[in-house]
Structure formats: structure tokens, C-alpha cells
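S.K.: Please find one structure pasted underneath; my questions will follow.
Numbering (my numbering), first residue to last: 241 to 305.
What follows is the structure, given as C-alpha cells:
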């Protein structure tokens, strides 16, 4: 999961109707989708220890939409 590029995920979300709620400075972007009533956290720094866990949670939640 460490090889996933946050920019690619952000583009994917944007193209599928997700909207940025807010950005936590260089750490994460919070996304929402009106159709799913779900909020996703996209971590921005792959070097952070919990990046794989957080990006995996995003992928799991997205798969359930």
C-alpha cells in the first residue's frame, strides 16, 4: 500500500463525484460523497508510519460504496 500515490487516488475520487471537504496541511484530505453519506480520509504522506493502514481503510470503505 505504500506505493499508492495520493494524487492518483484524489483524481479517482474527484472523477467519481467525491468532493474535498477540507485539507489538513500536508497530512490528509477529507472527502465526502452526497450519494453515500460516507467520509473518506486520504493520507498525503506515504512516509508516515500509519499511511498503509489509513490508505487501506480508504480502499475498504470505497469498495463498499
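No residue lacks a Cβ here, since even glycine has one placed at the ideal position from N, Cα and C.
Looking only at DSSP bridge pairs, what is residue 283 linked to?
M.R.: Within the chain shown, the letter at position 43 stands for residue 283. Looking at the DSSP assignment, residue 283 forms a beta bridge with 268.
S.K.: Hey, how far is the Cα of residue 281 from the Cα of residue 292?
M.R.: Within the chain shown, the letter at position 41 stands for residue 281. Within the chain shown, the letter at position 52 stands for residue 292. Going from the Cα of residue 281 to the Cα of residue 292 covers about 12 Å.
S.K.: Should residue 264 be labelled buried (16 or more other beta-carbon atoms within 10 Å of its own) or exposed?
M.R.: As a working mapping, residue 264 is identified with position 24 in the chain shown. Looking at its Cβ environment, which holds fewer than 16 other Cβ atoms inside 10 Å, residue 264 is exposed.
S.K.: Just confirm the distance between the C-beta atoms of residue 278 and residue 257, as a whole number of angstroms; I'd bet it's less than 8 Å.
M.R.: Numbered from 1 along the chain shown, position 38 holds the residue referred to as residue 278. Numbered from 1 along the chain shown, position 17 holds the residue referred to as residue 257. Wrong, their Cβ atoms sit about 12 Å apart, outside the cutoff.
S.K.: Just checking my contact of residue 285 with residue 266 at CB under 8 Å: how many whole Å lie between their CB atoms?
M.R.: Within the chain shown, residue 285 is the residue found at index 45, counting from 1. Within the chain shown, residue 266 is the residue found at index 26, counting from 1. About 7 Å separates the two Cβ atoms, so the contact holds.
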